[in-house]
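Take a look at the structure below.
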Amino acid sequence: ERVKREALAEYAEMERIGVGVIRVARQQTQVAVAEQMHVPQSAVSRLENQNDCLLSTLRKYVGALGGTLEMRAVFPDGAVELDGLMRMPVAAEEQPSL
46 ERVKREALAE YAEMERIGVG VIRVARQQTQ VAVAEQMHVP QSAVSRLENQ
96 NDCLLSTLRK YVGALGGTLE MRAVFPDGAV ELDGLMRMPV AAEEQPSL
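Just so we're aligned, residue 46 is where the sequence shown starts under this note's numbering, counting upward by one.
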């Protein structure tokens, strides 16, 4: 029971932290990230405080911080790289308004 409570608490903490911790670790401001993403600062704030976002939005966010988003699915018998999803172009009309 104690282990279960600790695991739930750790999960809740990870959910609460959100992607903003990446920006802080990279020593960037929301304004700087917003400029790189070509969105208002308020959109970056919303992204950092929401629980769910589109992969294309997360890719833009990580890119604005100078990184590249990578993704893989891990199964008991091995892992599958899903980098092809990250390389798909996002048409301007398909990009979500933040």
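In this text, a Cβ means the ideal position worked out from N, Cα and C, and glycines have one as well.
Once DSSP output is grouped into helix, strand and coil, what is the label at V89? helix
Who pairs with R71 in a beta bridge, going by DSSP? Beta-bridge pairing links R71 to no other residue.
Quick one: what's V107 bridged to in DSSP? When beta bridges are read from the DSSP output, V107 appears opposite no residue.
Per DSSP, cross-strand counterpart(s) of A118: V125
Only counting the same chain, and skipping five residues up and downstream in sequence, which positions put a Cβ closer than 8 Å to that of E93? G63, V64, G65, R68 and Q75
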